[in-house]
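Input: a single structure, listed below in structure tokens.
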Amino acid sequence: MGSTPPRKPSTRPGRKTPAGESRAQALTPNQERFVQEYLVDLNGKQAAMRAGYSERSAEVTASKLLRNPKVQESVAAAKAARAERVEVKADDVLRELLLIARTDIGDAFSPTGALLPLKEMPAHLRRAISSIEVEQLTVDGEAIGTVAKVKLWDKPKSLELLGKHLRLFVDKVETTVQFSHEDALGELE
14 MGSTPPRKPS TRPGRKTPAG ESRAQALTPN QERFVQEYLV DLNGKQAAMR
64 AGYSERSAEV TASKLLRNPK VQESVAAAKA ARAERVEVKA DDVLRELLLI
114 ARTDIGDAFS PTGALLPLKE MPAHLRRAIS SIEVEQLTVD GEAIGTVAKV
164 KLWDKPKSLE LLGKHLRLFV DKVETTVQFS HEDALGELE
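Counting from 14, one number per residue, gives the positions in the sequence shown under my numbering.
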């Protein structure tokens, strides 16, 4: 008798691939690339184009990929892994809110009133700055000085969020209940 030919790998769901992943969980290389590109800006069309899909059909392709359960699972897992790597904790957020609430804009300026270079500003101040605008003042085309506008992140909003976290702003509600003797006896029956 002749020898039997080697068996083909099974493609049934739940069977293991050589890499140890079930076939139902494995993504194609293009799908894997799409997932990685999607995490950059969460823009499906752009991710599809960066992953090598046709520009003309990128939007439709992205829509199909994002409805694919394997791709959805991979995107969710990658987002969770990224969140774990970043390690942002509630305490970190509260510290930043407190920093914004306590920052003194005066720390941005020298004793003479000149705006300090960013490198000379304290780190806590730099983190609390929302924007800086410097405008050159001129008269007849000749520079006569500068005006610096430093805007910090919203202090009242930071204080509000901190207050809510600490439950400082609890609304007290007064309620009047009218309940007669007859009603109480009726409830007992």
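We put the CB at the ideal spot given by N, CA and C, even for glycine. Given the structure is predicted, the values throughout are model-derived calculations rather than measurements.
Proximity test, residue i beta-carbon vs the ligand ATP heavy atom, cut-off 7 Å
| i | result |
| --- | --- |
| D105 | With respect to small molecules bound, the structure shown includes none, and the ligand ATP cannot be examined in it. |
Nonlocal neighbours in the same chain, by C-beta distance under 8 Å from residue i, ignoring five residues either side
| i | result |
| --- | --- |
| L198 | none |
| V84 | L40, Q44, F47, V48, L78 |
| A32 | Note that A32 has pLDDT 46, beneath the 50 cutoff, so the model's placement of it is unreliable and the number below is only indicative. Counting only Cβ-Cβ distances below 8 Å, and skipping sequence neighbours, we find A39. |
| G126 | none |
| K92 | L52 |
| L174 | L110 |
| V88 | V48, Y51, L52, L79 |
| A103 | none |
| N81 | Q44 |
Beta-carbon gap between residue i and residue j smaller than 8 Å
| i | j | result |
| --- | --- | --- |
| T116 | H137 | yes |
| E45 | K58 | no |
| I113 | L165 | yes |
| S123 | L129 | yes |
| S171 | L110 | yes |
| H178 | L107 | yes |
Residues near residue i in its chain [Cβ-Cβ closer than 6 Å; skip 5 each side]
| i | result |
| --- | --- |
| K185 | none |
| D120 | P135, L138 |
| F182 | G176 |
| S67 | none |
| F192 | none |
| T188 | none |
Strand pairing of residue i, partner residues [DSSP]
| i | result |
| --- | --- |
| A161 | V147 |
| L128 | F122 |
| V152 | E155 |
| I142 | L165 |
7 Å Cβ shell around residue i - same chain, five flanking residues per side excluded
| i | result |
| --- | --- |
| T74 | A61, Y66 |
| S143 | K164, L165, W166 |
| S76 | G57 |
| D196 | none |
Inset, instruction - Inspect the CB distances between the region 56–68 and the region 96–107 and report whether three or more fall short of 8 Å. - result: no
Inset, instruction - Give a yes or no on contact between the region 161–181 and the region 130–147, applying the rule of three or more CB pairs nearer than 8 Å. - result: yes
Inset, instruction - Any chance you could list the alpha helix (DSSP H) runs of at least 4 consecutive residues sitting entirely within the region 40–80, in chain order? - result: 42–54, 57–63, 71–80
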